[in-house]
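Let me begin by presenting the structure, written as structure tokens, before commenting on it.
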Amino acid sequence: MIADSGPEVRSVRSGAAPSAPERADRTSGRRTVRRIAVLRVPDWSVEVARAAGELPGGVPVATTHLHRIVACDDLAREAGVRVGQRVRDAQAGAPSLVLADADAVGEVLAFAHVIRAVEGVVPGVQGLGDGALALPMRGAARFYGGEREAIEAIAAALAPLGLRIRVGVADDRFAAELAERVAAGRDVHESATASAHGARGTAHEHISPVTPACIVPPGASRAFLAPMPVTVLGGELAGMLLRLGLTTLGDLAALPEASVRDRFGAEGLRDQHRARGLDDRAVEPGSDHPPDALALEFEPGIEGSEELGFALQGRADAYVAELAARRLVVAEVRILLRADLGGISERTWRKPGFFRARDVVDRARWQLSESGLDSALVEVRITPERLERDTDHMPGLWGGRGVDERTRGVIERLQGVLGREGVVVASLGGGRLLAERGVLTPWGDAIAEPREGPWPGSLPEPRPSTVFRPPQPVTLLDADGSTVDADERIRPPVWFRSPAGDRRRVAAWAGPWPLRLRTGALVESLARIQVVDGAGDAWVLLGDDAGWRAEGRYD
Amino acid sequence: MTIADLDRGKAATIEALRSRMRGMETTEVESIGLPTPAALHRVLPALRVGGVHAVDSRSLALRMLATAMPSGGWGAIVGLADVGVEAAADAGVPVDRVVLVPRPGEAWASAVAGFAEVLPVVLAAAPGRLAPAEAARLAARVRGADGCLIVLGDWPQPASRIRTLGAAWAGADDGLGRIRTARLEVEVTAGDRVPRRAVVELGGAR
């Protein structure tokens, strides 16, 4: 049923005559309505990998980063592959899937060609990343005699590059971005709801088959957005809104502004403006892609790491500030040092959080002093290997967050080497035995709810920092050197043989405390004691007919 | 409750929010180091960031991990297959935000370095044997990442070393009572400074 919604959208046409809001705008002219187009080359990451010869044609293909799907082509999509999916899952569904690593830097560089081609038709283009760009539509529509005509002019300019495009046009950028998704007829959930409402009244039009495009008429952004699910906002707010029963952008738009500000802060207010079709982000030409690298050449070359620090500081400050202005931070950085006589030192640096200017300078200095370059330094090239949105590095104000992507990368790499059980998370469980009160669950699995207590007989604080899984056999001897049996009353232990086998004197002991464990119908009786040995360790022992076992050690 | 109490509560809330906002801004915390348990303040006021810190008591290591982990952040524990989860929680470690690699085997160094590059603090059991060159390489990666590695056991030339001189687990008495507290006497060497002694009281008194 959902799959049919695409064509349904296409059937919604406003016809030749301008729609009511547009006419009103033209006649009254009381305010200038911006028009923004968002254009996307679908599956950009795949296109780039294909152009680089890394992916064949005629089979399902996808690009990946950190074991997740970044982009895939139509064949792969038909086979059930989804962006964001784990590679393992994708391969399970589509065994013939051919994969290549996504080349983030290559994608940015290649997209510069697209931007240049589009700028030949419409000036003032802003790259948005991931194969998308935004451009101001008002002037272009005037020049080409209509928005549809302007879109076809752009499509014609890109034809020599052999690229397909999709376009969304609206008064504001957020609505234009969603219109572009509707134009794909593939983000089915949105288009399904959009078409249901769009059919009455708002009428956004669809150009096909030449260039898939969705044009939201002037003034109609809010109505266009109203039926869309809040999940299109992305971020943490969406989940919260859903829990509050606010499922569509229309619901969010209808809330009083003051309440949104109080409850969700500035971010919530921003999202509400977007939901109302009032996204105030303008098209900022030129800020298309971040500066590729920070490169410095020295003539004459410099010798010491201190000197390098001085030379680099100002430039690094400016560089990081320039990224910050785009709300980006450097998460990984590659530093290349080239010496006068040709020696090269190249290294990638990582750290928790992100690199500030000072961090970058420090890394360059360290690298120089450790590099062993034997002639003067003539060139430094600092390339951000990984840029991230600065918001990813803000502690979540609105609820907890999982680990960041890089930590997940380390975990998944380790799970690849050690197996899934190799990386675990701990949680507190129910039970009387120490081992069952600390539960270890493989990373990625759901953590079971702790069993309901109460648990009389469980050990109170302090609890041993070592818990043996399973308990280790030990021996307790009395003053005569004979074994102390586990019973409700025990003879005073004097000697203790640890799991490692060494004999230690018992300095103090407490217990025994009876412990009754039920496994189904089976009831097991155990005795638990604490033993402090002469070597500074203390132990928790479990005893039964078979003897004593160390359950835990205080150390 | 009086109006003054309410005002105080409000002021406390505002201060808490402010401190949270400060935390989001770029700060100079890195150069100061990560906090240490109160009992160590006198002898080891902070764990130097980018350093490897050796400690031979597991209870104390868990406490150091707990205080060094930034609130809301994640930590990692590598190579402690038999760690007491409850003891860790008692020590203040937010166990639901710790990644554990109980038996890293050959992958010890790559696990430790991998986590040190992405998490602010990592606790790892010193491996049975580690070539000096490999230890130096790992230390360099930790330093490069501004990570903070707490090693349970020994480490060549650590940024700080805590050695337990004596531990007294008190409360058990010839079958009566139970273990209630512990008193660790430790010797702390930070960098090349003169070793200093401190007493750490462990254990819930409940």
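If you're matching them up, the sequences are chains C and S in order.
As numbered in the working numbering, residues 23 to 577 make up the first sequence, in order.
As numbered in the working numbering, residues 20 to 225 make up the second sequence, in order.
All residues carry an ideal CB built from backbone N, CA and C; glycine is no exception.
Small disclaimer: the values here were computed from a predicted structure and weren't measured.
Alpha carbon to alpha carbon, how far is G151/C from G272/C? Give it in angstroms, no decimals. Residue numbering aside, residue 272/C sits at position 250 when the first sequence is read from its first letter. Residue numbering aside, residue 151/C sits at position 129 when the first sequence is read from its first letter. When rounded, the distance between both Cα atoms is 28 Å.
Output the residue ranges of the beta strand (DSSP E) runs that lie fully inside the region 275-343 of chain C and measure 3 residues or longer, sorted by chain position. 316-324
Rank L440/C, A470/C and I237/C by C-alpha distance to the C-alpha of G451/C and give the top, closest one. If you number the first sequence from 1, residue 451/C lands on position 429. That would be A470/C, whose Cα lies nearest to the Cα of G451/C.
Compute the distance between the beta-carbons of S243/C and D194/C, then report whether it is under 7 Å. One-based indexing of the first sequence puts residue 243/C at position 221. One-based indexing of the first sequence puts residue 194/C at position 172. Yes, the pair counts as a contact, with Cβ atoms nearer than the cut-off.
Residue interval of the alpha helix (DSSP H) (run including A1/C): Outside the shown range of chain C (23 to 577) lies residue 1/C, about which nothing can therefore be said.
So which residues on chain C does P54/S lean against when the C-beta distance must stay under 9 Å? The sequence position of residue 54/S within the second sequence is 35, counting from 1. The premise fails here: P54/S is roughly 16 Å from chain C at the closest Cβ pair, so nothing lies under 9 Å.
For the beta strand (DSSP E) that Q437/C lies in, which residues bound it at each end? What you label residue 437/C is simply residue 415 of the first sequence in a count that begins at 1. Element bounds for Q437/C: not the beta strand (DSSP E) but the alpha helix (DSSP H), E427 to L440.
Starting from the beta carbon of G133/S, find every residue of chain C whose beta carbon is closer than 8 Å, and list them in chain order. Counting from 1 along the second sequence, the entry for residue 133/S is found at position 114. Near G133/S (Cβ distances below 8 Å), the residues of chain C are V432, R435 and L436.
Could you tell me whether the region 83-91 of chain C touches the region 100-112 of chain C, where touching means 3 or more Cβ pairs closer than 8 Å? yes
Neighbour flag for E136/S against chain C, beta carbons, 7 Å: Taking the second sequence and counting its residues from 1, the one referred to as residue 136/S is at position 117. Cβ-Cβ to chain C under 7 Å: yes for E136/S.
Applying the criterion that 16 or more other CB atoms from any shown protein chain within 10 Å of the CB defines a buried residue, is F332/C buried or exposed? Residue numbering aside, residue 332/C sits at position 310 when the first sequence is read from its first letter. Classification for F332/C: exposed.
Measure the C-alpha to C-alpha separation of L5/C and A74/C and round it to an integer number of angstroms. Residue 5/C lies beyond the range of chain C shown here (23 to 577); nothing can be said about it.
Proximal residues of chain C, C-beta to C-beta of L81/S below 7 Å: Taking the second sequence and counting its residues from 1, the one referred to as residue 81/S is at position 62. Ordered by position in chain C, the residues that pass the 7 Å Cβ test against L81/S are S487.
Does P113/S get closer than 7 Å to chain C when you measure Cβ to Cβ? Position 94 of the second sequence, counted from the first residue, corresponds to residue 113/S. Judged by the 7 Å Cβ criterion, P113/S is not in contact with chain C.
Using 6 Å as the cut-off, classify the Cβ of P515/C as near or not near the heavy atoms of the ligand MN, replying yes or no. For the ligand MN, the structure offers nothing, since it holds no ligand at all.
Terminal residues of the continuous alpha helix (DSSP H) containing Q113/C? On the first sequence, residue 113/C is found 91 positions in, with the first residue counted as 1. Counting along the chain, the alpha helix (DSSP H) containing Q113/C begins and ends at V109 to G115.
Through-space distance from A549/C to V104/S, alpha-carbon basis: On the second sequence, position 85 is the one that residue 104/S refers to. On the first sequence, position 527 is the one that residue 549/C refers to. So the alpha carbons of these two residues sit roughly 22 Å apart.
In whole angstroms, what is the alpha-carbon distance linking A181/C and R170/C? Indexing the first sequence from 1 puts residue 181/C at position 159. Indexing the first sequence from 1 puts residue 170/C at position 148. Approximately 16 Å between the Cα atoms of the pair.
Is there at least one Cβ from chain S nearer than 7 Å to W570/C's Cβ? Within the first sequence, numbered from 1, the residue matching residue 570/C stands at position 548. No - not a single Cβ of chain S is within 7 Å of the one on W570/C.
Of the choices V74/S, A217/S and V218/S, whose alpha-carbon is the least far from that of R182/S? For the purposes of this step, residue 182/S is taken as residue 163 along the second sequence, with counting starting at 1. Comparing Cα positions, the closest option is V74/S.
Mind checking which residues open and close the beta strand (DSSP E) that includes I551/C? Translated into positions along the first sequence, residue 551/C becomes position 529. Residues L544 to D555.
What is the DSSP secondary structure of A192/C, counted as helix, strand or coil? Reading the first sequence from its first residue, position 170 is the one you call residue 192/C. In this structure, A192/C counts as strand in the three-state DSSP scheme.
Taking 7 Å as the threshold (beta carbon to beta carbon), is V104/S in contact with chain C? Position 85 of the second sequence, counted from the first residue, corresponds to residue 104/S. V104/S counts as touching chain C.
Please determine if the region 378-392 of chain C and the region 169-179 of chain S are in contact, where contact requires at least 3 C-beta pairs separated by less than 8 Å. no
Minimum Cβ-Cβ distance from E368/C to chain S less than 7 Å: Within the first sequence, numbered from 1, the residue matching residue 368/C stands at position 346. No, E368/C lies away from the interface with chain S (no Cβ there is under 7 Å from its Cβ).
DSSP puts H87/C in a beta bridge; with which residues? Here the question's residue 87/C lines up with position 65 in the first sequence. Note: H87/C sits in a beta bridge opposite R90/C.
Interface partners of R197/S on chain C, CB under 8 Å: Here residue 197/S refers to the residue found at position 178 of the second sequence. Simply P482, A532, G533 and Q552.
Name the chain C residues that come within less than 8 Å of A155/S, Cβ to Cβ? By one-based count along the second sequence, residue 155/S stands at place 136. Those within 8 Å of A155/S in chain C number zero; the least Cβ separation is about 11 Å.
If you draw a straight line from the alpha carbon of G261/C to that of E206/S, how long is it in whole angstroms? Position 239 of the first sequence holds residue 261/C. Position 187 of the second sequence holds residue 206/S. Distance between the alpha carbons of G261/C and E206/S: 50 Å.
Return the first residue and the last residue of the beta strand (DSSP E) that G574/C is part of. Taking the first residue of the first sequence as 1, we reach residue 574/C at position 552. Residues G569 to Y576.
Taking beta-carbon pairs under 7 Å, can you tell me which members of the region 505-518 of chain C lie near chain S? P514
Along chain C, in chain order, which residues have C-beta atoms closer than 7 Å to that of R77/S? By 1-based counting over the second sequence, the position of residue 77/S is 58. By Cβ distance, chain C contributes S487, T488 and D577.
Span of the alpha helix (DSSP H) around G133/S: Counted from its first residue, the second sequence places residue 133/S at position 114. Its alpha helix (DSSP H) spans residues W127 to A135.
Output the distance between the C-alpha atoms of R216/S and R61/S, rounded to the nearest integer angstrom. Residue 216/S sits at position 197 when you count from the first residue of the second sequence. Residue 61/S sits at position 42 when you count from the first residue of the second sequence. Cα to Cα, the separation comes out at about 9 Å.
Go to W388/C, then tell me how far its alpha helix (DSSP H) extends in each direction, as first and last residue. In the first sequence, residue 388/C corresponds to position 366, counting from 1. W388/C -> alpha helix (DSSP H) spans A379 to S393.
Cβ neighbours of E407/C in the same chain (closer than 7 Å, five flanking residues each side left out): Here residue 407/C refers to the residue found at position 385 when the first sequence is read from its first residue. Cβ within range, chain order: E354, V355, R356 and T370.
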